[in-house]
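To start, the structure under review is shown below, and the notes come after it.
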Amino acid sequence: MQHRNLGTEVLQVIFSVFLGLVVVAFVGIAVSTVYPEPPSGPDTPYNESAWQSWRLVTGVWLLVCATLVMVASMVIRFERVPVIGNGVLLGGLFTMIYAVGTALSAPNEWPRLAVVAVALAVTVGLGYWKFATRRATTRAPLADATSGPADALLSARVDAVEKTLDGLRRVLSD
């Protein structure tokens, strides 16, 4: 039985990572659709300043989207399917990496520094919110001596879910 739980946990981690990659692809395509690259080709000469501006603005938009995705993963409750919440959080994290990479390719020093500083602050703040504040909460026992069999079954299910979440938390934190 323990082997099956480990397989399930590994599958959940794989699913979370894949969902995160799909989220970053969606956000990247959405930003590129709304704010396309500067025109370039045989009929249009290469304009370095247009590309620098595009990289910086795209980095800012990706940073905003990454922040929104990460906050959504924390605010929306995924108790029944925590693997989706973890996948969305990973998607926000991957989008944040994409935003920082895009901003780093822009040569403007101060705006680029601002994008990376905001990314750092958001990542640390949301990481603290996710991993430090949620562990401090405690759960009251669901079943006691006077509760019926349905309450005991519910308590057993909650305990099983908590064990699965603890396993996933261990796998994600390693």
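Okay, so the sequence shown: first residue is 967 according to my numbering, each after it adds one. Glycine included, C-beta positions come from ideal geometry on N, C-alpha and C. Just so you know, these numbers come straight off a predicted model, no measurement behind them.
Counting only runs of 4+ residues, the alpha helix (DSSP H) found wholly inside the region 1013-1066 occupies 1014-1041, in chain order. When DSSP states are grouped into helix, strand and coil, GLU975 belongs to the helix group. Annotated three-state conformation of PRO1008 is coil, per DSSP.
In this structure, the straight-line span from the alpha carbon of ILE1063 to that of GLN1018 is close to 18 Å. Residue burial annotation: ALA1065 is buried, with at least 16 other C-beta atoms found within 10 angstroms of its C-beta.
Here GLU1003 carries a coil assignment [DSSP, helix/strand/coil]. When rounded, the separation of the alpha-carbon atoms in SER1121 and GLY1133 is 18 Å. Contact between the region 973-988 and the region 1020-1034 is absent: fewer than 3 CB-CB pairs across the two stretches fall below 8 Å.
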